[in-house]
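So the sequence lines, in the order shown, correspond to chains A and P.
Counting from 1, one number per residue, gives the positions in the first sequence under full-length UniProt numbering.
Counting from 1, one number per residue, gives the positions in the second sequence under full-length UniProt numbering.
From the three backbone atoms N, C-alpha and C, an ideal C-beta is built for every residue, glycine too.
Computed from a prediction, not measured in an experiment: that's the story for all the values here.
To start, the structure itself, in structure tokens.
2 protein chains.
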Amino acid sequence: MTDLKEGVCLNGFWYNHEHCCWNSPQTTFQDRDKCPEWRTWAQLLTSREEEGALGYILNYFLYVLWALLFSFLAVLLVRGFAPYACGSGIPEIKTILSGFIIRGYLGKWTLLIKTVTLVLAVSSGLSLGKEGPLVHVACCCGNILCHLFTKYRKNEAKRREVLSAAAAAGVSVAFGAPIGGVLFSLEEVSYYFPLKTLWRSFFAALVAAFTLRSINPFGNSRLVLFYVEFHSPWHLLELVPFILLGIFGGLWGAFFIRSNIAWCRRRKTTKLGRYPMLEVLVVTALTALLAFPNKYTRMSTSELISELFNDCSLLDSSQLCDYRSAPNSTQGDDLPDRAAGPGLHVATWQLMLALLLKFFITIFTFGMKVPSGLFIPSMAVGAIAGRLLGVGMEQLAYHHHDWLIFKGWCSPGADCITPGLYAMVGAAACLGGVTRMTVSLVVIMFELTGGLEYIVPLMAAAMTSKWVADAIGREGIYDAHIRLNGYPFLEAKEEFTHKTLAMDVMRPRRSDPALTVLTQDSMTVEDVEAIINETTYSGYPVVVSRESQRLVGFVLRRDLVISIESARKKQEGIVSSSVIYFTDHCPPLPPCSPSMLKLRNLLDLSPFTVTDQTPMEIVVDIFRKLGLRQCLVTHNGKLLGIITKKDVLKHIAQMANQDPDSILFN
Amino acid sequence: MTDLKEGVCLNGFWYNHEHCCWNSPQTTFQDRDKCPEWRTWAQLLTSREEEGALGYILNYFLYVLWALLFSFLAVLLVRGFAPYACGSGIPEIKTILSGFIIRGYLGKWTLLIKTVTLVLAVSSGLSLGKEGPLVHVACCCGNILCHLFTKYRKNEAKRREVLSAAAAAGVSVAFGAPIGGVLFSLEEVSYYFPLKTLWRSFFAALVAAFTLRSINPFGNSRLVLFYVEFHSPWHLLELVPFILLGIFGGLWGAFFIRSNIAWCRRRKTTKLGRYPMLEVLVVTALTALLAFPNKYTRMSTSELISELFNDCSLLDSSQLCDYRSAPNSTQGDDLPDRAAGPGLHVATWQLMLALLLKFFITIFTFGMKVPSGLFIPSMAVGAIAGRLLGVGMEQLAYHHHDWLIFKGWCSPGADCITPGLYAMVGAAACLGGVTRMTVSLVVIMFELTGGLEYIVPLMAAAMTSKWVADAIGREGIYDAHIRLNGYPFLEAKEEFTHKTLAMDVMRPRRSDPALTVLTQDSMTVEDVEAIINETTYSGYPVVVSRESQRLVGFVLRRDLVISIESARKKQEGIVSSSVIYFTDHCPPLPPCSPSMLKLRNLLDLSPFTVTDQTPMEIVVDIFRKLGLRQCLVTHNGKLLGIITKKDVLKHIAQMANQDPDSILFN
């Protein structure tokens, strides 16, 4: 569908340009993208082989039109059927895995619509990728499958394990990177990742990769998206440009996150948010208008990355490999560094313009109401920057091979600098700057490219990029979007180091009235109903007596309301003055008194408690590791207060000098 | 030093055979292991070029003698200076990371002696590897470095993070596999692995890999130990032999663990354990005697693995590549499958004998009083089995290429089966069977060999192997050794699914006398001393009063003893009848009474509590995730009992029908 924007294959409209010409008998290796079966729209409509200026304008116009059609369909479907299908979905999946529930987010409608609109959005030529949304799609599949098995339908924790594995399978399919997928799920998506989940995710990712290989989508028995093979090892001194790429990636990542968040906040708070369709159409039109004239932006982003990663071989006819041939040209694959030819000069300019376009348009694209991933655009920005630096280094080494720094490893006639490797490192750096992944990033990159020899350059770039980006802003793009949307997400990566105690955070505060509690054997139905009506808490602690304040258990508001209501209707003798018993054994009833209501079975007998002197550092740790929603606070065995997840989040925000009221809690 | 067993280099005794001949001007590529500078001991001692039967016997004798000398030195040093330097150290490091303290295990003596004896043990030709011990060595370094920084010296949790990172660096150096190292630390070694540790381990592993690359130990700018490049992709049908290898690996792993544990238990319980030196010497002599006549056992195990992984090229002169040349021999690297030559027949027999030797001798070697790792021997067993199967498959395909299963992908003249790949898969399967690693195993294997294309075969073999081995015995070798040694290790991978409650596990039992507690303001120094003398508990809960049993805090026995002792000596007026106050504010003293002892600062004011109704499933989870040593049990706000880690471990053992008394606790 991406190629449909440019033309059509006469053998069948579902073939893309490359595939169309594969089947053509008249194609040579050199001209493998030119064949009579593939017609641009201008050729087809004017029935002429040659395209003039008019043909160009016609192609241009139809390119934009197709792009608008695709994106319009995408946004229409998303708006109409599944509003949750937009965006990458990774921030929400992180939140869901941390224990928050967003109803319908992983439902069948989201799955269906996201799958269809993702195809449309990617082929519309917008600056977005399919990888993040594929994680969401995989999690939808996982969630829907969970409903088939009682074990998983009933148990929230088990379901989250399935979702972690699904995320791994999603990345495994998106990149053909099974191990990278498992690590991505571990590092970026999952909140709590027990070891048995690691093993199961691994299995899911294996099956996903295996299925992918059986389908063989790239026609080369390879799993990976951008297979590259470089011929020369890298030199230690090259670490300097690699680290420069890391710095660029970090700066771009931080800049991107800031600008994107500012733009998204603007969308949330101003009138802009009311016209999502118009926004999508305007951005699509702008992207298409600016992209068409430049060869490198007109092609799909994954093709672009693939070309940038590529090492030039002798037979390569692409513009990027247009070098002046060396005087003593060698046979075989090893090519010495050569001077740039005119084609490469043009390509350099075009790449610079492409960099500029991708740099800015992605900021406005990510967050629109269409499915949109960030991996491919980030990698494209990095790959362009890397390739440019690589070509620059190569020319520098060629023309100044007598410089001290090139002595010894870059003599004339040697193949010392591989621009494709720079593109790969740059891509890793930019992706790292945006997402702040480390280990999973490196694994994905080398699974993606097969470049195992280049772990150290990739690691150096990924780490520099993370450091630089972290120095400017602590949060990765996903965490930033979580905070922007106000999801109650307790970040597991950052340490809480302040010296506050549980008593400083718990409710009620020192000046407030005492905690609302129920007693185990002295309150009537009326009393309890009054408390339920007066307060909005979602649960109440039950104590032995108001005087002793000794904790018995915890009861949920919802359970209480339902039980009292049904008892009043169905159980005989339950009136407002009936006493509610939470105890195990009930005393014998005095004669003529209303019958009692036994609610012991509602009680959570093992509520979590900490003492008021517990440092908040430990409380935060407990909330994170045990995934609690609330925790009771005691002093010398007496119940004193309660800390909810919201209180913890607000306290962390307060300590970090952020606005505590930005934390929502549905 | 390994080659010193066979001969000596005249240019300098520190050169090994290969290195010695590199520098020789008279060597051709074909005869690169024959050069006049390298002399076997027989050649040197008899001053003759030709070796007769006598020379062979002389070489044999000296080979055994050198082996005995090396292993004698190793065991002497271990016995004399650092008893903790023996074994692989991974079970102990796992235990240490789970919160148990073994004093001196990571000290400077262990570091020094283990480094030296590891060299000796490996060069003695015993069936052991250097990888596991290198993890121990790295952890020693990490621990010693921790002592330099107050932040890490004082904080146990921080130190454990450093040790996790050190383990990653250790594997990174051992295999040249930085990412595999991080995953090994995560999957196998570390108990609790927060995400920030992932990132730091990654950094440590990067620096380790980078340093290794700068030193360039293999002289080929490659990080990896066994670099291989295969020329043909694998076929789907080959998954059947790969899964067979997985089954073999699983069976071998389970068999090895059972036999090794049985032998180690025998060593612990019988007289055998009293003669560790004799044991080492006997095993060394036996290994050397059986190893010398066979070329494949005489060479070092890593050389053997390297040769087994190797894909045969045209110029390869090794016995394993002795095929009959094909009638229409092609130029280049792609070699069609050919019939086996006489050399390969001999090699097959020798490999079978080598398999038999390694199969059995490793059982007796692992666990002796010398540093010994398991990675290399396990991989060797698997690689031999895999290579044999690979050669078998190749010959089958060559001679029966008309069979249905070979149709289409294995036509005559095609290079369809790569025996080296089978060796690699076999090595992964056996290593997986012994250690039960999954993700880290696959990552290490492909970092080790550069075989990124072969993730699916490796994963299939690793998983089959784990399933088969798990079906026979649940524990990997490290867990089995932890249990053999009775370390208090709470396994994080297995779920606790029984329906018991905290009250069933806590002490005191229902029939026992009540829990020993201290009161906060009514006990005298004498009372407390009496309690300390009567009981052996390592800590006591402090309550408001014996009647209320309301919990105030927890005090450690050690702190109490020290404080009372020093107060009696240094503080005026402290006598046996002085009252100990754990309260915040002390009441005014009545006149003429002995002065009081304030010990509030000893009190842990935030002891962990659960209610008696808490399911043990949750209690086990809390112990694991929070790394607790004990936890107090309350009922309706009253202190009822205590659960220690030992109680939890005993309960788990009891539920699994194991002997609960096998759990030690120092």
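Nearest CA to the CA of residue i: which residue from the options?
{"i": "P/PRO607", "options": "P/LEU484, P/LEU628, P/SER593", "result": "P/LEU628"}
{"i": "A/TRP38", "options": "A/VAL346, A/LEU10, A/LYS499", "result": "A/LEU10"}
{"i": "P/SER47", "options": "P/TYR15, P/PHE70, P/SER71, P/GLY7", "result": "P/GLY7"}
{"i": "P/MET463", "options": "P/SER201, P/THR500, P/THR535, P/ARG436", "result": "P/ARG436"}
{"i": "P/TRP409", "options": "P/ARG274, P/VAL381, P/TRP234", "result": "P/TRP234"}
{"i": "P/MET523", "options": "P/ILE580, P/LYS638, P/PHE496, P/CYS86", "result": "P/ILE580"}
{"i": "P/ARG507", "options": "P/VAL381, P/SER300, P/LEU54, P/HIS651", "result": "P/HIS651"}
{"i": "P/LYS94", "options": "P/LEU458, P/ARG160, P/GLN319", "result": "P/ARG160"}
{"i": "A/GLU547", "options": "A/VAL517, A/ASP527, A/VAL561, A/SER201", "result": "A/VAL517"}
{"i": "P/GLN73", "options": "P/TRP109, P/ARG103, P/GLU49, P/LYS114", "result": "The sequence given here has Leu at residue 73 of chain P, not Gln. For P/LEU73, the nearest C-alpha among the options comes from P/LYS114."}
Can you give the beta carbon distance from residue i to residue j, rounded, assuming they're within the 8 Å contact cut?
{"i": "A/VAL525", "j": "A/SER578", "result": "5 Å"}
{"i": "A/THR362", "j": "A/PHE226", "result": "Not confirmed; about 19 Å, so no contact."}
{"i": "A/VAL280", "j": "A/VAL75", "result": "4 Å"}
{"i": "P/LEU551", "j": "A/ASN636", "result": "7 Å"}
{"i": "residue 669 of chain P", "j": "P/ALA423", "result": "This structure does not reach residue 669 of chain P, given that chain P is present from 1 up to 666, and the question cannot be answered."}
{"i": "P/PHE582", "j": "P/ARG600", "result": "6 Å"}
{"i": "A/GLY553", "j": "A/LEU603", "result": "4 Å"}
DSSP state of residue i, grouped into three classes?
{"i": "A/ARG153", "result": "helix"}
{"i": "A/MET368", "result": "coil"}
{"i": "A/ASP527", "result": "helix"}
{"i": "P/VAL633", "result": "strand"}
{"i": "P/TRP409", "result": "coil"}
{"i": "A/THR330", "result": "In this prediction, A/THR330 has a pLDDT of 48, which is less than 50 and means its spatial position is unreliable; nothing more can be read from the coordinates."}
{"i": "A/LEU556", "result": "strand"}
{"i": "P/VAL610", "result": "strand"}
{"i": "A/ALA340", "result": "strand"}
{"i": "P/LYS34", "result": "coil"}
{"i": "A/TYR581", "result": "strand"}
{"i": "A/TYR63", "result": "helix"}
Evaluate residue i with the Cβ neighbour count: other Cβ atoms within 10 Å of its Cβ, from every protein chain shown; 16 or more gives buried, anything less gives exposed.
{"i": "P/TYR63", "result": "buried"}
{"i": "A/TRP66", "result": "buried"}
{"i": "A/GLN658", "result": "exposed"}
{"i": "P/PRO36", "result": "exposed"}
{"i": "P/GLY476", "result": "buried"}
{"i": "A/CYS592", "result": "exposed"}
{"i": "P/THR365", "result": "buried"}
{"i": "A/ASP479", "result": "buried"}
{"i": "A/HIS399", "result": "exposed"}
{"i": "P/ILE384", "result": "buried"}
{"i": "A/GLU156", "result": "exposed"}
{"i": "P/ASP512", "result": "exposed"}
{"i": "P/TRP41", "result": "buried"}
{"i": "A/ALA656", "result": "exposed"}
{"i": "A/TYR84", "result": "buried"}
Kindly list, in the order they appear in chain P, the residues whose Cβ is closer than 8 Å to that of residue i.
{"i": "A/ILE618", "result": "SER606"}
{"i": "A/PHE582", "result": "Correct list: empty, because the minimum Cβ distance to chain P is about 11 Å."}
{"i": "A/GLU187", "result": "LEU195, LEU198"}
List the residues of chain P that residue i touches, going by C-beta distances under 7 Å, in chain order.
{"i": "A/ARG213", "result": "VAL456"}
{"i": "A/ASN216", "result": "In chain order: nothing, as chain P lies at least about 11 Å away."}
Counting only Cβ pairs nearer than 7 Å, list the residues of chain A close to residue i.
{"i": "P/TRP199", "result": "THR438"}
What does residue i touch in chain A if you count any residue whose Cβ is under 9 Å from its own?
{"i": "P/ILE179", "result": "ILE179, LEU183, VAL439, VAL442, VAL443, PHE446, ILE455, MET459"}
{"i": "P/GLN571", "result": "Under the 9 Å cutoff, chain A gives no residues; its nearest Cβ is about 26 Å from P/GLN571."}
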